[in-house]
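Worksheet for the structure shown next.
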Amino acid sequence: MQHNELSLLHKTSYSLLACFTLFWFIYAAGGQFGYQGVWLTAVAFASSFICLSSALLYFVSFQQKQLDALHDGIKSFKDGDFSIRIHPDGDKHLAPILDLYNDLARNLTEQRQTLSQKEHLLDSIVQASPMAIVLFNPFKQVVYHNQQANELLKVAGSLKGKELYGLLDNVSAPIRTFLLEQGSGIISFEHNDLKHSYYIANQTVTYNHQPHQLVLCKDLSLEIGKEELQLWKNAIRLISHELNNSLAPISSLTSSAEAILEKNTHLDLLPDILQTINQRASNLNAFIAKYAEFARLPKPNISKQSLASTLQNVQKLYTFELLADLPCEHAYFDVLQLEQVLINLLKNAHESGSNLSDIGIKVVKDYDRVRFAVVDRGQGITQGKINQVTLPFFSTKQGGSGLGLSICSEVISAHQGQLKLKNRANGGVMVEFDIPLKIFQQKI
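In UniProt numbering, the protein residues as written are 1 to 444.
This is how it looks when you write it as structure tokens:
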């Protein structure tokens, strides 16, 4: 029973007790004032007592109704219904509680409406996404998906409640394997004489206090096809340019040599002509060999190697400052490939216009990786081009092949690392990459 209700009952009991006490007092005084007057007075007090009791009982009943309404309203919160409101009429002691209840109901209603609008907006965004999105519960059953997921899995209608294994019948084998193994990355394969490329990401998320599997999949076939076509165009354009630069002088020099031989004059010029032709042919051969090296880049031969010894070998070719003590003695890498990466990066630093004293290498330990940073104070790279310098055939140098940083990036990627470039605040460039501190399983 509520406190207010008890208080009113107590008041009613005290009033009744007072009335009975007064009644018996009047009855005892009847001997002095006469019984007729006493009984008239008693009847008046009895009538007052009945009226007072009726009023108090009505008030208690009205307050009980408000308490019942408050109980029903709070119970409705548990059922998710926030629509019940209670008018705070009656006992002033209950009014603040009822006002607080109404404010709470109003706030919960507004929060539900706001949350519903946000959920609707998020669902609209996810449904409009070009990426297939599927959320699986711990039992591999679909909890949520968008329309692109239907197209990827080639299944019509709602997928909710269906198991992953039963949705893969119409999916290409490489995608099926990737999804079952919960892999992440880009996969490429041929199907019906067409090349397909997909980006698939698997991530564990917590939903309703349970781990769920979130799968994202994007068809990159069109984008990668366009990128490959553009790369081929760039390669053909660059190769044509280099061939013309070499073959045009060779053709001209050959004609000059023929003219000298026909006229049998200025024979002393022939050695220089032949030497120039040989030089141009050698340059052309080196250029072609550079492209062949990029196309035939071997897989790294990972083994435990000395960091100090590797840096000393590189320092014999290009000077640099070691900016901090080495954090460890050994790491796991292909020594020949890593030396070539450092040589390439240091060569770029020396050609950037930087003072030799500002060229340095810093090596730090980052959990189970070793991170390298090659820095200089040269001209830097134009901000719009800094994200393109690792692309094949892209170069910021006059006459550059556009393969140096591409090969470096490929080598570091084969070591399960990443190569990044950024301009330094006061001029120059910093190139960062990482290699494993421990042995790792190479990807086939």
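We put the CB at the ideal spot given by N, CA and C, even for glycine.
Check: Taking contact to mean at least 3 C-beta pairs separated by less than 8 Å, is the segment 243-253 in contact with the segment 202-222?; Outcome: no
Check: Quick one: using the 10 Å Cβ neighbour count with 16 as the cut-off for buried, is GLY428 buried or exposed?; Outcome: buried
Check: Run through DSSP, which three-state label would LYS365 get?; Outcome: strand
Check: Tell me whether VAL126 sits in a helix, a strand or coil according to DSSP, three-state version.; Outcome: helix
Check: Check the C-beta distance from GLU329 over to LEU307 and give it rounded, since I have them as a contact under 8 Å.; Outcome: 7 Å
Check: Beta-carbon within less than 6 Å of VAL363's beta-carbon, same chain only, minus the 5 sequence neighbours each way: which residues are those?; Outcome: LEU326, PHE372
Check: If contact is defined by three or more beta carbon pairs under 8 Å, each pair taking one atom from either stretch, is the segment 102-118 in contact with the segment 74-89?; Outcome: yes
Check: With DSSP as the reference, label VAL341 as helix, strand or coil.; Outcome: helix
Check: May I ask you to report which of helix, strand or coil DSSP gives PHE82?; Outcome: coil
Check: Taking 6 Å as the limit between beta carbons, can you name the residues of its chain near SER352, skipping five residues before and five after?; Outcome: ASP376, GLY378, GLN379
Check: In angstroms with no decimal places, state the Cα-to-Cα distance between LEU267 and SER413.; Outcome: 55 Å
Check: Is the number of C-beta pairs between the segment 333-349 and the segment 422-437 that are closer than 8 Å three or more?; Outcome: yes
Check: My understanding is that LEU421 touches ILE381, with C-beta atoms under 8 Å, so please give their C-beta distance in whole angstroms.; Outcome: 7 Å
Check: Opposite ASN202 in the DSSP bridges: which residues?; Outcome: VAL215
Check: In chain order, what residues of the same chain lie with their CB nearer than 7 Å to the CB of VAL335, ignoring the 5 residues before and after it?; Outcome: GLN305, THR310
Check: Which residues bound the alpha helix (DSSP H) around ASN423?; Outcome: Unbroken run through ASN423 is the beta strand (DSSP E), 420-423; no alpha helix (DSSP H).
Check: Roughly how many angstroms lie between the CA atoms of ILE74 and TYR101, to the nearest whole one?; Outcome: 8 Å
Check: What do you reckon, are the CB atoms on GLN141 and GLU110 nearer than 8 Å?; Outcome: no
Check: From the DSSP secondary-structure annotation, give me the bridge partner or partners of SER306.; Outcome: HIS330
Check: GLN66: which of PHE77, ALA95, LYS78 sits nearest, CA to CA?; Outcome: ALA95
Check: If you compare alpha carbons, which of ALA425, ASN423, ARG424, PHE433 is closest to SER409?; Outcome: PHE433
Check: Where DSSP assigns a beta bridge to GLU432, which residues make up the other side?; Outcome: ALA373, LYS420
Check: Distance check for VAL370 and GLU181, CA to CA, integer angstroms please.; Outcome: 29 Å
Check: If the criterion is Cβ atoms closer than 8 Å, does the pair THR254 and ILE288 meet it?; Outcome: no
Check: State the Cα-Cα distance for the pair ILE273 and ASN285, rounded to the nearest angstrom.; Outcome: 18 Å
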